[in-house]
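K.L.:
Please find one structure pasted underneath; my questions will follow.
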Amino acid sequence: MSARTKLQAAATVAVALLGLAAAAPAATAAPTVGAPAVAAAPTADWLHTDGNRIVDEAGNQVWLTGANWFGFNASERVFHGLWSGNLESITRQMAQRGINIVRVPISTQLLLEWKAGQTIRPNVNTYVNPELEGLNNLQVFDHWLALCEKYGLKVMLDVHSAEADNSGHVYPVWWKGSITPELFFQGWEWITTRYRTNDTIVAMDIKNEPHGTPNDPQRAKWDSSTDQDNFKYACETAGRRILAINPNLLILCEGIEIYPRAGATWNSPNTNPDRSPNYHYNWWGGNLRGVAEHPVNLGAQQDQLVYSPHDYGPLVYEQPWFAGDFDKDSLTNDVWRPNWFYIHEQNIAPLLIGEWGGRLGQDARQDRWMAALRDLMIENGIHHTFWCLNPNSGDTGGLLLDDWASWDETKYNQMLKPALWQHNGKFVGLDHQVRLGGTDSTTGMSLAERYAGGPGPGDTTAPTAPGRPTATDVTATAATLNWAAATDDVGVTSYEVLRATGSGAATVVGTVSGTTYRATGLSASTSYTFTVRARDAAGNVSAASPALTVTTPAGNDNGDGGCAATYRVTSSWQGGYQAEVTVRNTGTAAISGWTVTWTAPAGTTIASLWNGRLTTSGTTVTVRNEPYNGQLAAGASTTFGLTGSGSGTPSGLTCAAS
C-alpha cells in the first residue's frame with residue numbers, strides 16, 4: 035500500500051471496523067465498509083524468491099527476521115495477552131525493536147467460522163485497550179493489521195492446527211474430525227481472497243509441524259503421491275490454490291518428522307520406537323530430506339516457494355544429538371545439513387526457520403544450541419521467526435515477561451537482536467514507504483531508505499571483481515577457498531564460485547553470501563582452476579576474479595589416513611544386535627570423506643545401516659560416508675549405526691580419510 039493510503043487506513047480504521055462484516059469483500063480499488071483498507075500501490079511490498087534469496091519486486095534482497103505471537107489459533111481465538119497488555123503498545127515495541135515480520139498462528143476452524151460469518155467477542159481488557167471496545171475477533175485482527183501498516187510490520191499467517199485448541203498442534207496432520215482436507219484448502223482460499231490486495235500479509239505458512247511416526251494412527255509423509263497424508267502434495271495443492279487468487283504471496287512448506295532411510299519405504303516397520311533404523315527422525319516440521327527427491331512444484335509461481343523447518347534445544351526435547359558433546363559444526367554436519375540446510379547450500383530455495391528459541395540461562399546445552407543456530411542464520415542470511423513473543427509458552431518462555439509489557443532484555447539482546455536485519459545501526463523493515471517502528475521512528479528504516487538510489491531498474495553498476503582466491507585445507511577431494519570482498523555502490527549480496535578442469539569451460543559450482551567456500555567432490559592428483567564473481571541485489575555481476583589453480587594431492591589409502599573408528603554395540607537381543615560406529619578426524623586439517631572397513635565375525639550379517647553407504651565382500655565390510663557427513667574438521671566426529679544378526683566383535687577395524 036502507498037504511504038498515503040496506509041495513513042488513511044490507520045486514521046479511519048476504528049470507524050470502518052464498527053460495521054465490519056465477516057463475509058469476504060468484493061475486490062475494489064478503495065476501502066469499503068466491511069473490508070480491510072486496501073489500495074493498489076505503485077510500489078507494492080510483495081516478495082518473491084531468487085535461488086536461495088528472497089527479494090522485493092525491484093530485485094532488492096531482503097531478510098525476514100521476526101517473531102511469533104499466538105492466540106488466534108487457540109480456544110480464545112484472539113491474541114493472547116490482551117487481557118493485560120495493550121495491542122498497539124506491543125505492536126509498536128516489536129517494530130521499534132527490529133522485528134520486521136510477525137508469524138500469526140491460526141486454525142482452520144477459525145477460518146471456516148469467519149467464512150461463515152461466525153465471530154466472537156474475545157477476552158480483551160478494554161480498560162487497557164479502549165479502542166477494542168465492542169469489536170469482535172475478526173475486527174480485532176483487522177485493527178491489528180492497520181497497526182502493522184502504521185508501524186511498518188509485515189505478517190505471515192500460519193495454520194497451526196485444524197481445530198481451535200491450545201493443544202491442537204499436537205495432532206499430526208492437517209485434517210481432523212469434520213475438518214476435511216478439502217475444507218483445509220477452502221479455509222486458505224477464503225482468507226487469501228479477503229486480503230488479496232493487502233500487502234501487509236506477505237506470506238502463508240501452509241501447516242505448522244506436520245509429524246507422526248509409523249506407530250501413530252495418523253502420520254505425515256513426503257513423497258510424490260497424491261495420498262491424503264502426503265504433506266508435500268498438501269502443501270503443493272494449498273499453495274497453488276492460494277496463488278491462483280494472489281500470485282504474489284510467499285508459500286511456506288514445513289518439513290515433517292520422519293523420512294525413510296535408504297532401502298526403506300513408508301511401509302517399513304518402526305522396529306525401534308525411540309530411534310528406528312528404518313527412518314531418519316527430526317523435530318516436528320524439521321525433516322525436509324524429501325525435498326532432494328520430491329521437491330514442491332508450484333508451477334508458474336515457483337518463485338514464491340520457501341521451505342520452513344523448525345528447530346529447538348534440549349529444554350524442549352532431549353534429542354540424541356544433545357546427549358554428548360556438540361557444537362555448531364557437529365549440529366550443522368549431523369542434523370541441520372542433512373535435514374534442511376542443504377536446500378540453502380544448493381541454492382534450491384530460501385529457508386525460513388519458522389520456530390526457534392527457548393529459555394536462556396537454565397541449561398548450558400540449551401544456550402549453546404541457541405547461539406549456534408543464531409550464528410548459522412546470521413552467517414547465511416537465513417530468514418526466521420523467533421518462538422515466541424508470548425510469556426505463557428510453557429516450554430520456551432517469551433520475549434515479553436508475565437506483565438505483557440516488560441521485555442526479557444537478556445534473551446532479546448543476546449539471542450534475537452543480533453539476528454535481526456540491521457543496516458548502518460538501524461533495523462530494516464519490509465515496507466517501502468513506512469519505517470520499521472513508524473513514520474517518526476529513530477530505530478528503523480524503510481526498504482526505500484535501505485536501498486535509496488540503489489537497486490532496481492536504475493541500478494546498472496556491477497560490483498568490482500573479488501580478490502584472487504587462496505586455498506587452505508587442501509585434500510585429495512576438497513579445498514577451502516577464501517577471497518577478498520568485492521565492493522558495490524549499493525552492496526554485494528552473493529558470490530558465485532566457478533571451477534574449470536584442464537581446458538574445459540568454467541561453470542558455477544556454488545553460491546555463498548560470504549567470502550569463503552569449501553569445494554568438495556574433487557579428484558585426487560587433479561588440477562582445478564577457480565575464479566569468483568560478485569553479484570548485487572539488482573542482478574549485476576562483476577568480472578571474474580584473478581584465477582587460482584589448485585592441484586589436489588594423491589589419495590591416501592594406507593588405512594590410517596587421519597581418522598579413527600570406534601565400534602560399540604549399543605543393544606543386543608537373542609540372535610541380533612544394534613551397533614554404533616564413531617568416526618573421528620585425528621589429523622590437524624579438515625577431511626572431506628572417510629571409509630571404514632572391518633572383518634565381520636563368521637555367521638553375522640548386517641540387516642540395515644544408516645548415515646553411511648554399505649558394501650560387503652565375503653566377510654569384509656566397507657562403509658563410506660554419505661554426502662552430508664563426510665566433511666569433518668580437525669578433531670570432529672560423526673557416527674553411523676547398524677543392526678545385524680548373529681553376535682561377536684568385528685576385527686581389523688580401520689579408517690581411511692580423503
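Anchor point for the sequence shown: position 349 equals 383 in the working numbering, and the numbering is continuous, going up by one each time. We put the beta carbon where it would ideally sit given N, CA and C, even for glycine. This one's a predicted model, so the numbers in the text were calculated from it and none came from an experiment.
(1) With a threshold of 6 Å on Cβ separation, who are the neighbours of alanine 403 within its own chain once the five nearest residues in sequence on each side are excluded?
(2) Using the Cα positions of asparagine 381 and threonine 545, report the straight-line distance between them to the nearest angstrom.
(3) When DSSP builds the beta bridges, which residues end up paired with glutamate 530?
(4) Can you list, in chain order, the stretches of the alpha helix (DSSP H) that have 4 or more residues and sit fully within the segment 156 to 211?
(5) In angstroms, rounded to a whole number, what distance separates the CA positions of threonine 535 and alanine 691?
(6) Output the distance between the C-alpha atoms of proline 452 and valine 136, rounded to the nearest integer angstrom.
(7) Three Cβ pairs or more, each shorter than 8 Å: is that satisfied between the segment 447 to 461 and the segment 367 to 384?
(8) Quick test of your reading: asparagine 242 and glutamate 288, contact by CB under 8 Å. State the CB separation rounded to the nearest angstrom.
(9) Looking at C-alpha atoms only, which residue of Leu643, Gly680 and Thr616 is the closest neighbour of serine 606?
(10) Rounded to whole angstroms, what is the Cα-Cα separation between phenylalanine 106 and aspartate 474?
(11) Hey, how far is the Cα of glycine 478 from the Cα of alanine 519?
(12) Tell me the DSSP secondary structure of glutamate 423 in three-state form.
(13) Does DSSP put threonine 62 in a helix, a strand or coil?
(14) Could you check which residue in Arg253, Gln173, Lys184 and Glu270 has the C-alpha nearest to that of phenylalanine 219?
(15) Round the Cβ separation of arginine 533 and alanine 553 to the nearest angstrom and send it over; I've been treating them as touching at under 8 Å.
(16) If you draw a straight line from the alpha carbon of leucine 339 to that of alanine 237, how long is it in whole angstroms?
(17) Over the uninterrupted alpha helix (DSSP H) stretch that includes arginine 228, give me the two end residues.
(18) Could you check the C-alpha separation between threonine 583 and threonine 563 for me, to the nearest Å?
(19) In angstroms, rounded to a whole number, what distance separates the CA positions of threonine 226 and isoleucine 279?
(20) Leaving out five residues on either side along the sequence, give the residues of the same chain with a beta carbon under 7 Å from the beta carbon of leucine 704.
(21) In three-state DSSP terms, what is phenylalanine 360?
(22) Using 9 Å as the threshold, is the C-beta distance between leucine 666 and tryptophan 628 below it?
(23) Can you tell which of Leu687, Trp117 and Phe175 has its C-alpha closest to the C-alpha of valine 138?
(24) Do histidine 418 and leucine 98 have their C-beta atoms within less than 9 Å of each other?
(25) Count the other CB atoms within 10 Å of the CB of valine 575; is the residue buried (16 or more) or exposed (fewer)?
(26) Going by CA-CA distance only, name the one from Val204, Ala599, Ala296 and Leu172 that's closest to arginine 647.
(27) Are the CB atoms of glutamate 585 and threonine 565 nearer to each other than 9 Å?
(28) Can you list, in chain order, the residues of its chain with a C-beta nearer than 6 Å to that of aspartate 523? Leave out the 5 residues immediately preceding and following it.
(29) Quick check on this structure: which residue in Asp79, Ser557 and Pro684 has the alpha carbon closest to the alpha carbon of threonine 639?
(30) Which runs of the alpha helix (DSSP H), 4 residues or longer, sit entirely within the segment 362 to 429?
(31) Which stretch, first to last residue, makes up the beta strand (DSSP E) that contains threonine 506?
(32) Could you pull the DSSP bridge partners for serine 651 from this structure?
(33) Alpha carbon to alpha carbon, what distance is there between glutamine 612 and valine 657?
(34) Starting from the Cα of aspartate 436, find the closest Cα among Gly93, Gly115, Ala108 and Asp79 and give me that residue.
(35) Compute the distance between the beta-carbons of glutamate 183 and aspartate 465, then report whether it is under 9 Å.
(36) With respect to the beta strand (DSSP E) encompassing tyrosine 267, which residues constitute its N-terminal and C-terminal limits?
P.N.:
Quick answer:
(1) As written in the sequence, residue 403 is tryptophan, which differs from the alanine given in the question. So the list reads Gly347, once near-sequence residues are dropped.
(2) 7 Å
(3) Thr545 and Arg567
(4) 171 to 184
(5) 24 Å
(6) 17 Å
(7) no
(8) 7 Å
(9) Gly680
(10) 30 Å
(11) 27 Å
(12) The sequence as given places leucine at residue 423; glutamate does not occur at that position. Leucine 423 falls in the coil class under three-state DSSP.
(13) Note that threonine 62 has pLDDT 26, beneath the 50 cutoff, so the model's placement of it is unreliable and the number below is only indicative. Three-state result, threonine 62: coil.
(14) Glu270
(15) 7 Å
(16) 10 Å
(17) 215 to 228
(18) 4 Å
(19) 7 Å
(20) Lying outside 35 to 692, the shown extent of the chain, residue 704 is not represented and no answer is given.
(21) coil
(22) yes
(23) Phe175
(24) yes
(25) exposed
(26) Ala296
(27) Sequence check: residue 585 is threonine here, not glutamate. It is not a contact, given that the beta carbons lie outside the stated cut-off.
(28) Thr495
(29) Pro684
(30) 362 to 365, 376 to 379 and 398 to 414
(31) 504 to 506
(32) Thr654
(33) 16 Å
(34) Gly115
(35) yes
(36) Here tyrosine 267 belongs to no beta strand (DSSP E); instead the alpha helix (DSSP H) covers 265 to 277.
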